[in-house]
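Read top to bottom, the protein sequences are chains W, E and P. The opening residue of the first sequence carries number 181 in this note's numbering; numbering runs sequentially from there. The opening residue of the second sequence carries number 107 in this note's numbering; numbering runs sequentially from there. The opening residue of the third sequence carries number -16 in this note's numbering; numbering runs sequentially from there. A short worksheet on the structure shown next.
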Amino acid sequence: MQLSGFLGAGSAMSMTSFFTLTFFMVFVPLCVISYTLVPNKLKKYQLLLASYIFYWLVSGELIIYLLLSTVSMLCFGLWLDRVQTKMKSTLSVTPKEEKKETKKRYIKKQRLIVLLAVFLHIGILLFLKYSAFFTSNVNILFAFFKIPVALTVPKYLLPIGISFFTLQAMSYIFDVYHGVIKADRNIGRLALFLGFFPQIVEGPICRYSQTAEQLWNAGPIKYENLTFGIQRYLFGMLKKLVIADRLSPIVIEIFDKYNEFSGGIIALGAVFYTIQLYMDFSGSMDAVIGIAQIFGIRMPENFERPFFSRSISEFWKRWHITLGAWLKDYIFYPIVTAGKMKKLTAAARKKIGNHFGPLLAGSIALFCVWFCNGLWHGSAWNFIFFGMYHFVLILSGNAIAPAVNSINHHLHINADSFWYRLMQMVRTSVLVVIGELFFRANGLRNGFLMFGKMVTGLVPNLFDRQGLINVLIRTGRNSLDLIIVAVTLVAVFAVSILNEKGISVRDELAKRKILIRWAVFYLLIVYIVIFGAYGAGYKPIDPLYAQF
Amino acid sequence: MSKIVSILEDIKPGIDYENCKDLIDGHHLDSLSIISLIAELEDEFDITIPAVEIVPGNFNSVEQMAAMVERLQEE
Amino acid sequence: MTDTMKKVLKCVLFIAGLAAILFVLSLVFFPKNNEKKDGIIDVAANAILGEPENTIDVLIIGDSESINAINPLRIWEQHGIASYCCGTSLQLLSYSEYFLHQAFKSQSPKIVILETNEIFREVTLDDLLLHQLEMVFPVFSFHSRWKVLSFRDISPVINYTHVDVEKGYYFSTVVSGTDDSDYMKEMPGEEPIPSINMFYLRKIRSFCKEKGTRLILVSTPSIVNWDHMKHNSIQRISEEEGIEFIDMNLLRKEIPINWKTDTRDRGDHVNYYGAEKVSAYLGKYLSETGLFKSHRSDPAYSQWDVHLKEFNERTEQFNSESGS
Chain W
181 MQLSGFLGAG
191 SAMSMTSFFT
201 LTFFMVFVPL
211 CVISYTLVPN
221 KLKKYQLLLA
231 SYIFYWLVSG
241 ELIIYLLLST
251 VSMLCFGLWL
261 DRVQTKMKST
271 LSVTPKEEKK
281 ETKKRYIKKQ
291 RLIVLLAVFL
301 HIGILLFLKY
311 SAFFTSNVNI
321 LFAFFKIPVA
331 LTVPKYLLPI
341 GISFFTLQAM
351 SYIFDVYHGV
361 IKADRNIGRL
371 ALFLGFFPQI
381 VEGPICRYSQ
391 TAEQLWNAGP
401 IKYENLTFGI
411 QRYLFGMLKK
421 LVIADRLSPI
431 VIEIFDKYNE
441 FSGGIIALGA
451 VFYTIQLYMD
461 FSGSMDAVIG
471 IAQIFGIRMP
481 ENFERPFFSR
491 SISEFWKRWH
501 ITLGAWLKDY
511 IFYPIVTAGK
521 MKKLTAAARK
531 KIGNHFGPLL
541 AGSIALFCVW
551 FCNGLWHGSA
561 WNFIFFGMYH
571 FVLILSGNAI
581 APAVNSINHH
591 LHINADSFWY
601 RLMQMVRTSV
611 LVVIGELFFR
621 ANGLRNGFLM
631 FGKMVTGLVP
641 NLFDRQGLIN
651 VLIRTGRNSL
661 DLIIVAVTLV
671 AVFAVSILNE
681 KGISVRDELA
691 KRKILIRWAV
701 FYLLIVYIVI
711 FGAYGAGYKP
721 IDPLYAQF
Chain E
107 MSKIVSILED
117 IKPGIDYENC
127 KDLIDGHHLD
137 SLSIISLIAE
147 LEDEFDITIP
157 AVEIVPGNFN
167 SVEQMAAMVE
177 RLQEE
Chain P
-16 MTDTMKKVLK
-6 CVLFIAGLAA
4 ILFVLSLVFF
14 PKNNEKKDGI
24 IDVAANAILG
34 EPENTIDVLI
44 IGDSESINAI
54 NPLRIWEQHG
64 IASYCCGTSL
74 QLLSYSEYFL
84 HQAFKSQSPK
94 IVILETNEIF
104 REVTLDDLLL
114 HQLEMVFPVF
124 SFHSRWKVLS
134 FRDISPVINY
144 THVDVEKGYY
154 FSTVVSGTDD
164 SDYMKEMPGE
174 EPIPSINMFY
184 LRKIRSFCKE
194 KGTRLILVST
204 PSIVNWDHMK
214 HNSIQRISEE
224 EGIEFIDMNL
234 LRKEIPINWK
244 TDTRDRGDHV
254 NYYGAEKVSA
264 YLGKYLSETG
274 LFKSHRSDPA
284 YSQWDVHLKE
294 FNERTEQFNS
304 ESGS
């Protein structure tokens, strides 16, 4: 199956990377110019049109799934609204003794509606994204039991961003159900909320209450937004072009041919991949948020200096924040506060105390969250393993917390001291890197083999200089490339530390004299032009999260 | 309010609950601590805390928690 | 001056300043020599810049097909015609255009041969935009030379010293044969050519016209890369645009490629033995155009005989070692 190419369908798929020339030299400028020329009242329609043109260019006819999701939001929202309104009016004339029963009936009806919506949305996602995984595993099972049946493994084209906008559409329906927002009758507003082009490819996953109003009130471009937005975009470009794209061929070489490398190099590969992933994804988010800012739209952050985390729990509040928040609000808490779960918690607290009691219901909810998180990332066993790995880490972290606190207390260790916190950050980072090894590995089996090789080979050969030289030669790189990565990382790190302390670099810069500001911007641009890993000798790298 | 503080100290000691204003946003309380907290609050104040109430705006400080409890008690 | 005007002026000045910086950077980053240590990526192709001025008669551009199939030293040996292979692996038409411009700065070949395989390699909009940027500010093509920059780069003096013995030809005696197949059997229909590719093809043609150079489209033998549908496409363009087209895949008698011995990768590229046959035919064709006189006694071309001798010694040594 292929996109038709009709009227340019899918002709600009490279635009899913926000740093391609087509995107930032053609599409965005055209968008900004037409946005400025269009009268204020029509600006929102221009954004909607631009977003749909963007989607058509990157995904062609698959835009039908985006449209379906939008219509579904409208219909389910209004349906729920009708039932809720009926519920209110009925309840106002119901006698007191029957109120509880009546309310229960209406809530049940709403639940069924929501269930239908979930079934539809998740159903489509499962069908498109996971049928291949499902059927190939069924085939493996058949082969194991010597059943002579083999299902054909289907191969469907995935609409760009479907994993993201499915979650976003469902969050709208859930929010209407819970009464957090009022159902929207305006399909245009819903369409723009769901399809706004900067966020459609790889998030952030926004809530209706965060962006819908802003987008529909889109106004004239403010100079400060324009400049700040571009600066943010450039910072993302620095991260992706200079660091992520430079490391990419090295990571590919190590993960594809890990058998030819020592444990020390495999460990290095995992570290490089974690850096690459972080720079790529957070850099793309900088691009998304920067471009949205040009139009005066404030998008939620997806990263908050994750490697300053003191625990894995905290890490997932700082890495891919909107995904974690979605899973927390729509899976974790609903499960944990469900009637049966609360009873379980109450009973458990009596038996095993106040710390471990709630942990029982908590771990069930946590398991669901992490199973979904793993599976969401990809239809393969290593992603599920990745989810389970973090599940175990978080659960055990919580389970041993009272013991750790007690030890610290007895040994008079100050858990807030600089060194203790540093230890926690290093430990968390190491655990994250190990998780990413499995995430990136070419299948779960290879993941385990790589991990085994890494662990057994690390001690005898921690600094495998020859192996590193080997990898560099094979990928056409040399030590200067590593130096550039290190130098740029230091710069990015410095900005992170400032941000962590609450200082905004852009604001500080804006206060300085024009010559200093321009010098900094020129330096940034020239740095990207010279050290960016593009052009002859480098292949274009797709943003890692866009295949979802 | 002091009751809430003692509940919190029981669940996760070592934090200055009386003055901290970003218990959630500052990553001091994690989701599993919240479950314990909710269970205790429901028990202590005879209320039901639905999932929609579990937002930073209700749990970032002890004052916010107390306000939420009062509101839920009235319903 | 109103506030808006001030802001617009600031933007314009900023961009002007940026352009000035990029211009200066381009002067520094542009390679002043074509040795490998100067950070040149396609050393053999760029070695044409080291050839004495106005000595090259025929320029060949294309992808790896061209440099595997055409041996300029053989054509020199048999007809005294000086040709050069500026083909590079996975070359795009936009890059070919670049090579043309570069080569014509110091050479004036009477014929340009374009190997047709690359006409089907899509030049994306990103490729086109990057190419245009590179034309305006060469720093975009040579930015990775940051690793080899030296003080010499501050001076604008350019001195090309590297020459390639094989004149861009990729010498390989590896034999990895395949079964002969009916790969050129007649088929209706055409292989589509992306529109940006047509744009560059036309640009190359006007450039050649402007320079008074004859453009010839040539398809060198390849089972893997060529078929009748591609032939039909190029045949139509040849007729519509008035460009000469030689399809060697259809000249089984004149260029009798034996696919069991004459390919180094199962029919993707021909090897040295295949190149001998291709070059023999091509040399004859070129001499029959009547455009060229043999330069074999011309002292300006003395290094060609030196290189030919060197190359023949290398092949003799290989033949005696492998016992053939």
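Beta carbons: idealized from backbone N, C-alpha and C, even for Gly.
Contact set for residue i: own chain, Cβ-Cβ below 7 angstroms, skip 5 residues either direction
i              : result
P339 (chain W) : S239, L242, Y245, L246
F571 (chain W) : L546, F547, W550
F13 (chain P)  : P121, F125
A283 (chain P) : P35, T38
F643 (chain W) : G444
M174 (chain E) : E159, N164
N433 (chain W) : Rather than Asn, the amino acid found at residue 433 (chain W) in this sequence is Glu. V651, R654, T655, listed in sequence order.
D722 (chain W) : Residue placement at D722 (chain W) is flagged as unreliable, the pLDDT there being 42, under the threshold of 50; the coordinate-derived value follows with that caveat. Closer than 7 angstroms at the Cβ level, and outside the excluded window around D722 (chain W), lie T196, S197.
K168 (chain P) : H211
P162 (chain E) : I130, D131
Within chain E, partners of residue i - CB distance below 8 angstroms
i              : result
H592 (chain W) : Residues of chain E passing the Cβ test: none, with the nearest at roughly 13 angstroms.
K419 (chain W) : Those do not exist, as K419 (chain W) stays about 24 angstroms from chain E at its closest Cβ, beyond 8 angstroms.
Interface residues of chain W facing residue i [CB-CB closer than 7 angstroms]
i                : result
I110 (chain E)   : Neighbours of I110 (chain E) on chain W: none; closest Cβ ~14 angstroms, over 7 angstroms.
K(-10) (chain P) : Y403
D116 (chain E)   : N534
I153 (chain E)   : What I153 (chain E) touches in chain W: nothing, since even the nearest Cβ is about 12 angstroms away.
Under 8 angstroms from the C-beta of residue i: neighbouring residues of chain W
i              : result
V158 (chain E) : H358, G359, V360
D317 (chain P) : Outside the shown range of chain P, which is -16 to 307, sits residue 317 (chain P), and nothing can be said about it.
E146 (chain E) : N534
Cβ neighbours of residue i in the same chain (closer than 6 angstroms, five flanking residues each side left out)
i                : result
I187 (chain P)   : E80
S(-12) (chain P) : As written in the sequence, residue -12 (chain P) is Met, which differs from the Ser given in the question. Around M(-12) (chain P): no qualifying Cβ.
Y293 (chain W)   : What sits at residue 293 (chain W) in the sequence shown is Ile, not Tyr. Contacts found: W259, L260.
L32 (chain P)    : N17, Y143
Given residue i as reference, the closest of the options once Cα atoms are compared
i              : options                        : result
E173 (chain P) : P:H290, P:L113, P:W209, P:I31  : P:W209
L114 (chain E) : E:A157, E:E146, E:M174         : E:E146
P204 (chain P) : P:R249, P:C68, P:N142          : P:R249
V168 (chain E) : E:C126, E:P119, E:P156         : E:C126
I4 (chain P)   : W:V709, W:I587, W:Y714         : W:V709
E105 (chain P) : P:P175, P:V11, P:P92           : P:P175
Y78 (chain P)  : P:K93, P:I43, P:S159           : P:I43
Q226 (chain W) : W:E278, W:K289, W:A398, W:L370 : W:A398
M205 (chain W) : W:K335, W:I471, W:T391, W:F373 : W:I471
L660 (chain W) : W:L704, W:F711, W:S576         : W:F711
V11 (chain P)  : P:Q286, P:K(-10), P:S127       : P:S127
Same chain, Cβ closer than 8 angstroms to residue i, neighbours up to 5 away in sequence not counted
i               : result
T107 (chain P)  : I179
I117 (chain E)  : S139, S142, L143, E146
C(-6) (chain P) : none
L113 (chain P)  : F123
D152 (chain E)  : Q179
R156 (chain W)  : No answer is possible for residue 156 (chain W): the residues shown for chain W start at 181 and end at 728.
Chain E contact residues for residue i, given Cβ-Cβ distances below 7 angstroms
i              : result
G542 (chain W) : L138, I141
Short Cβ contact (9 angstroms threshold) for residue i with residue j
i              : j              : result
P384 (chain W) : I469 (chain W) : yes
F324 (chain W) : Q379 (chain W) : no
I353 (chain W) : K309 (chain W) : no
N16 (chain P)  : E48 (chain P)  : no
Y264 (chain P) : E237 (chain P) : yes
V612 (chain W) : F487 (chain W) : yes
I430 (chain W) : M634 (chain W) : no
K497 (chain W) : E481 (chain W) : no
H252 (chain P) : D230 (chain P) : no
Cross-chain neighbours of residue i in chain P, by beta carbon under 8 angstroms
i              : result
V709 (chain W) : L5, L8, V122, F123, H126
Contact test: residue i Cβ vs the ligand MN heavy atom, cutoff 8 angstroms
i              : result
H114 (chain P) : Here there are no bound small molecules, and the ligand MN is not part of this structure.
Cross-chain neighbours of residue i in chain E, by beta carbon under 9 angstroms
i              : result
L573 (chain W) : Under the 9 angstroms cutoff, chain E gives no residues; its nearest Cβ is about 13 angstroms from L573 (chain W).
Amino acids of chain W, ordered along the chain, whose beta-carbon sits closer than 9 angstroms to that of residue i
i               : result
F(-3) (chain P) : W698, F701, Y702
Beta carbon proximity, residue i to chain A, threshold 9 angstroms
i              : result
G163 (chain E) : Included in the structure are the protein chains W, E and P, with no chain A among them.
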